[in-house]
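Participant:
Numbering (our numbering), first residue to last: 167 to 231.
Listed below in structure tokens is the structure:
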């Protein structure tokens with residue numbers, strides 16, 4: 167019984183660590199709608215398609231899409 171409780175507790179901790187790591191990997195955030203992205207290239211494509219009238223974010227000006 168104790169072993170099962172220890173396994174369940176360790177699994178809950180692992181899930182929290184995965185969520186924290188996933189949030190930390192999202193480095194770019196859209197200033198218009200607050201959507202997060204991992205990659206600069208994907209973020210630039212998203213920004214150009216979803217917010218064509220908004221001025222380009224300075225980080226994305228030099229990025230190649």
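Quick reminder that beta carbons are idealized off the backbone N, C-alpha and C, glycines included.
Give, in chain order, every unbroken run of the alpha helix (DSSP H) that is at least 4 residues long and sits entirely within the region 189-220.
Facilitator: Runs found: 206-216.
Participant: Please state whether the Cβ-Cβ distance between residue 217 and residue 203 is less than 8 Å.
Facilitator: Taking the first residue of the chain shown as 1, we reach residue 217 at position 51. Taking the first residue of the chain shown as 1, we reach residue 203 at position 37. Contact flag unset, no.
Participant: Less than 8 Å between the CB atoms is what I'm expecting for residue 197 and residue 227, so what's the real figure, rounded?
Facilitator: For the purposes of this step, residue 197 is taken as residue 31 along the chain shown, with counting starting at 1. For the purposes of this step, residue 227 is taken as residue 61 along the chain shown, with counting starting at 1. With a Cβ gap of about 14 Å, residue 197 and residue 227 do not count as contacting.
Participant: What does a CB cutoff of less than 7 Å around residue 192 pick up in its chain, not counting 5 residues either side in sequence?
Facilitator: For the purposes of this step, residue 192 is taken as the residue at position 26 of the chain shown. 202, 203 and 204.
Participant: If we count the other Cβ atoms within 10 Å of its Cβ and call it buried at 16 or more, is residue 189 buried or exposed?
Facilitator: For the purposes of this step, residue 189 is taken as the residue at position 23 of the chain shown. Flag for residue 189 reads exposed.
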